[in-house]
Amino acid sequence: MKDHATLAEAFIQDEARTNWHDETLWFVRQKRDKAAHGLPEWEQLREWASQIKNHTLSHMDSYLEEFERNALANGVQVHWASDAAEHNRIIHDIIKKKGITRIVKSKSMLTEECHLNHYLEEQGVEVVDTDLGERIVQFRHEPPSHIVLPAIHLKKQDVSDTFHEYLHTEKGNNDPTYLTRAARVHLREKFIASELAITGVNFAVAETGGFVVCTNEGNADMGTHAANVHIACMGFEKLIPKASHLSVFLRLLARSATGQPVTTYSSHFHKPKPGQEMHIVIVDNGRSNILGKADFRNALKCIRCAACFNTCPVYRRSGGFSYHTAVAGPIGSILNPNFDPKKYADLPFASSLCGSCSNVCPVKIDIHDQLWKWRQELTKAGHVPLMKKIMMKGMAFVLGRPALYRFSGASARWVLRYMPFMVKFKINPWYKQREMPAPPKQSFREWYIQNKKK
Amino acid sequence: MKVALFIPCYIDQFYPQVGQATLELLTKLGCEVDFPLNQTCCGQPMANSGFAAASKDCDKNFVRNFTGYDYIVGPSGSCVLHVKEHLKDDKHPEETIHIRKHIYELSEFIVDVLKKEITSAVFPHKVGLHNSCHGQRGLGLSSMSERVLPAFSKPEQLLSKVKGIQLVKPVRNDECCGFGGTFSVFEEALSVKMGKDRIKQHEANDVEYITGVDVSCLMHIEGILKRQGSKIKTIHIAEILNTEA
Chain A
1 MKDHATLAEA FIQDEARTNW HDETLWFVRQ KRDKAAHGLP EWEQLREWAS
51 QIKNHTLSHM DSYLEEFERN ALANGVQVHW ASDAAEHNRI IHDIIKKKGI
101 TRIVKSKSML TEECHLNHYL EEQGVEVVDT DLGERIVQFR HEPPSHIVLP
151 AIHLKKQDVS DTFHEYLHTE KGNNDPTYLT RAARVHLREK FIASELAITG
201 VNFAVAETGG FVVCTNEGNA DMGTHAANVH IACMGFEKLI PKASHLSVFL
251 RLLARSATGQ PVTTYSSHFH KPKPGQEMHI VIVDNGRSNI LGKADFRNAL
301 KCIRCAACFN TCPVYRRSGG FSYHTAVAGP IGSILNPNFD PKKYADLPFA
351 SSLCGSCSNV CPVKIDIHDQ LWKWRQELTK AGHVPLMKKI MMKGMAFVLG
401 RPALYRFSGA SARWVLRYMP FMVKFKINPW YKQREMPAPP KQSFREWYIQ
451 NKKK
Chain B
1001 MKVALFIPCY IDQFYPQVGQ ATLELLTKLG CEVDFPLNQT CCGQPMANSG
1051 FAAASKDCDK NFVRNFTGYD YIVGPSGSCV LHVKEHLKDD KHPEETIHIR
1101 KHIYELSEFI VDVLKKEITS AVFPHKVGLH NSCHGQRGLG LSSMSERVLP
1151 AFSKPEQLLS KVKGIQLVKP VRNDECCGFG GTFSVFEEAL SVKMGKDRIK
1201 QHEANDVEYI TGVDVSCLMH IEGILKRQGS KIKTIHIAEI LNTEA
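Same order as they appear, the protein sequences are chains A and B.
For the first sequence, the positions run 1 to 454 when this note's numbering is used.
For the second sequence, the positions run 1001 to 1245 when this note's numbering is used.
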């Protein structure tokens, strides 16, 4: 499998498109800045959000039980899934039992993480993603490239081509209004006919047993209103203790994600409507494992706003697919190694450690510090290319020995000065697109001894 | 006040003029400056690549060289931050803590510890300031666009007193230049793309120089500028502050 550096290099080949991708996401970051800077209490909100999440993570067992108790009392059926396979099986069992064939699903990164669509397809069940961006990438058989803006890697022309192929829109008509109307007509048919609606969960409230689903398109609501069965899927970290805590999180979420004051639809679900079945699937899938690691547990505070994606200078210039996983970006780079350290060993290195992510994060996850810690963990576990290992050990050996360091430094300067062809060739990744620094005759130390030493 | 001068390895080898300017500047400001002769590297290149455990010798050597001073000052925000956050020597825990607590990047040392202004510098040029991430977000040398806090900048505060200087900010004032230590070679394509974009933003302001508190970022930017055949030059903040009429 290709690693991030290789995939990023391929992405950057099309520089005009890279610039467009970068600028599009930077525009979202700027909208976020405007919204955040409009609230004098922004930093206080972040602190509260962080504390509430930390507290909840520390009492996860009792809050989960409280949530289950209240949800059951509301007439909701609660299921527990220890991993992706169990999550998928639970949903398929419900579908099978009812003999359902028409299913709609609103946005849920958890179902992406569990590869639910793929699993159900294998069982002969078709799921229609109803978020516009998700539907576009679903038509194209692509995963989402961004957790909030799934089709952000595509231009109008690409969407037009896709809709022409699948929805028979006019070829070459790139008008966004025209294309959106076509999608709306297509999705309305799916909503009206749907027997089962799957949604994600943005926040689950322990004290009420209810949960909140945030969308900008109202597609979660249309799906659940029409269908007789509603299944909501959540990773257990979506839990918050009280309904009043939503006043912190709902203000942070949309501002951080898109710069809106609040999501267009923040729908509160508590109990099934008469004649409807409501299920909640609570998923672990490696989360307990993260909860048990002091250095990494606070990644579970994440509310999936993607502010860290939009701010990341690496993500903006390498695209979501360069992370080869469902949850890309900086947060993905610290979550994925928990699930498969070998497969995702490259991701914590896909960062210049600029620290923008940690500071933009509305729940104060120490993302760039965790990237650093993951680098140590992965190296310790041996998930490191041999050349890099030799290079680093060699550097450490030289730099840990003053006399050897001085000898090597002088030699390097000598080589650069008198035998530049030894370093100035294109396989040297520094020299490929950059000049080497001009070698001075004297090191600082040599100058100091000659001129300043008392 | 006994100050030890910390000159990171690549500055020692490739940018001695930055070390000289730093030393002269600190002396001018009244510090008694010593340069421990057996210093090498803080260990950051290895640690940031996942080999913190392998760079123990660097840590030990650092503690050996920099024990016994009131302050340690270096012209590189990134190396200073690394020492502050990660220096480790189990055999000398007290000395290690003292170093971690008393190591400063040059501009913050002048502003926060010496509490001085430099009014002697003259630099009649149009200069773009590059905010190096580790200095800015790590050491808190200036406010950042992500946070909703009062605006300030220690490097700007010092540069604003330089006679004749025309300081201009690029768009995306605190975007990373893409150096990132070994990121610059292991993610070469991305690193260079980030650097090219940063340069374009400074070019739009028609600057003659790009300055900053970190020679490493400047080395990366300089490498791209030279390859492009650009007229824009890079210069470390110490070199500007050390100028005289």
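Heads up, the beta-carbon is just placed ideally off N, CA and C, and yes, glycines get one too.
In angstroms with no decimal places, state the Cα-to-Cα distance between residue i and residue j.
| i | j | result |
| --- | --- | --- |
| TYR1209(B) | LYS242(A) | 55 Å |
| THR101(A) | ALA326(A) | 26 Å |
| THR24(A) | GLU1244(B) | 45 Å |
| SER1143(B) | ASP1174(B) | 9 Å |
| GLN450(A) | LYS1028(B) | 20 Å |
| PRO1008(B) | LYS343(A) | 35 Å |
| LYS238(A) | LYS373(A) | 25 Å |
| MET278(A) | HIS118(A) | 23 Å |
| SER472(A) | LYS380(A) | Look at the range of chain A in this structure, 1 to 454, and you will see that residue 472(A) is not part of it. |
| GLU112(A) | ASP221(A) | 20 Å |
| THR162(A) | VAL127(A) | 18 Å |
| ILE1199(B) | LEU64(A) | 51 Å |
| VAL360(A) | LEU253(A) | 12 Å |
| ASN336(A) | LEU300(A) | 12 Å |
| SER1184(B) | HIS1130(B) | 17 Å |
| ASN19(A) | ILE152(A) | 13 Å |
| MET436(A) | ALA35(A) | 43 Å |
| SER1055(B) | THR6(A) | 28 Å |
| CYS463(A) | HIS1086(B) | No answer is possible for residue 463(A): it lies beyond the span of chain A, which begins at 1 and ends at 454. |
| ILE367(A) | PRO348(A) | 10 Å |
| GLY1195(B) | ILE1221(B) | 6 Å |
| VAL1168(B) | LEU1159(B) | 11 Å |
| PHE67(A) | ARG184(A) | 36 Å |
| PHE1006(B) | TRP447(A) | 15 Å |
| MET60(A) | ALA204(A) | 12 Å |
| TYR178(A) | GLN13(A) | 32 Å |
| HIS37(A) | ALA226(A) | 40 Å |
Starting from the beta carbon of residue i, find every residue of chain A whose beta carbon is closer than 7 Å, and list them in chain order.
| i | result |
| --- | --- |
| MET1144(B) | ASN359 |
Name, in chain order, the residues that DSSP records as bridge partners for residue i.
| i | result |
| --- | --- |
| MET419(A) | In DSSP, MET419(A) forms no bridge with anything. |
| THR215(A) | TYR265(A) |
| VAL229(A) | LEU196(A), GLU277(A) |
| VAL1033(B) | VAL1003(B) |
| TRP80(A) | ILE282(A) |
| GLU1105(B) | GLY1074(B) |
| GLY235(A) | VAL283(A) |
Taking C-beta pairs closer than 9 Å, name the residues in chain B that residue i reaches, listed in chain order.
| i | result |
| --- | --- |
| GLU435(A) | GLU1222, GLY1223, ILE1224, LEU1225, LYS1226, ARG1227 |
| GLN476(A) | This structure cannot speak to residue 476(A), because chain A is shown only from 1 to 454. |
| ARG401(A) | THR1040, ASP1057, ASN1061 |
| ILE12(A) | ALA1189, LEU1190, VAL1192, LYS1193 |
At 8 Å on the CB atoms, spell out the chain B contacts of residue i, in chain order.
| i | result |
| --- | --- |
| TYR405(A) | CYS1009, THR1040, CYS1041 |
| ASP161(A) | The contacting residues do not exist; ASP161(A) stays about 27 Å from chain B at best. |
| GLY409(A) | CYS1009, ASP1012, GLN1013 |
At which residues does the beta strand (DSSP E) containing residue i begin and terminate?
| i | result |
| --- | --- |
| GLY133(A) | Here GLY133(A) belongs to no beta strand (DSSP E); instead the alpha helix (DSSP H) covers 132 to 139. |
| LYS105(A) | 103 to 105 |
| GLN1166(B) | 1166 to 1168 |
| THR1211(B) | 1209 to 1212 |
| PHE203(A) | 203 to 205 |
Give the interface partners of residue i over in chain A, defined as CB-CB distance under 9 Å, in chain order.
| i | result |
| --- | --- |
| ARG1137(B) | CYS354, GLY355, SER356, SER358, ASN359, HIS368 |
| PHE1179(B) | SER352 |
Locate the alpha helix (DSSP H) running through residue i, then write down its first and last residues.
| i | result |
| --- | --- |
| ILE1235(B) | Counting along the chain, ILE1235(B) falls outside any alpha helix (DSSP H), though it belongs to the beta strand (DSSP E) covering 1233 to 1236. |
| LEU253(A) | 246 to 257 |
| GLY332(A) | 329 to 339 |
| LYS53(A) | 42 to 58 |
| VAL1127(B) | Run containing VAL1127(B): none in the alpha helix (DSSP H); it sits in the beta strand (DSSP E), 1126 to 1130. |
| VAL1162(B) | It is not in any alpha helix (DSSP H) - VAL1162(B) carries neither H nor E in the DSSP assignment. |
Just to make sure I have the definition right: I need the residues of chain A whose C-beta is within less than 8 Å of the C-beta of residue i. Which are they?
| i | result |
| --- | --- |
| VAL1148(B) | ALA36, HIS37, LEU39, PRO40, TRP42, GLU43 |
| MET1219(B) | PRO437 |
| GLY1019(B) | PHE444, TRP447, TYR448 |
| LEU1023(B) | TYR448, LYS452 |
Residue i touches chain B at which residues, Cβ-Cβ below 7 Å?
| i | result |
| --- | --- |
| GLN442(A) | PRO1016 |
| SER318(A) | LEU1190 |
| GLU9(A) | ALA1189 |
Given a limit of 9 Å on CB to CB distance, which residues of the stretch 1184 to 1197 of chain B reach chain A?
-> SER1184, VAL1185, PHE1186, GLU1187, GLU1188, ALA1189, LEU1190, SER1191, VAL1192, LYS1193, MET1194, GLY1195, LYS1196, ASP1197
Using a Cβ-Cβ cut-off of less than 8 Å, list which residues of the stretch 179 to 205 of chain A approach chain B; keep chain order.
-> none
Under 7 Å (Cβ pairs) to chain B, residues found in the stretch 320 to 333 of chain A | none
Taking a Cβ distance cut-off of 7 Å, strictly less, list which residues of the stretch 1061 to 1084 of chain B are near chain A, in chain order.
-> ASN1061
Between the stretch 1106 to 1133 of chain B and chain A, which residues of the former have a C-beta closer than 8 Å to a C-beta of the latter?
-> Shown in chain order are the members of the stretch 1106 to 1133 of chain B whose Cβ falls below 8 Å from a Cβ of chain A: CYS1133.
Of all the residues that make up the stretch 1151 to 1177 of chain B, which are near chain A by a beta-carbon distance shorter than 9 Å?
-> ARG1172, ASP1174, GLU1175, CYS1176, CYS1177
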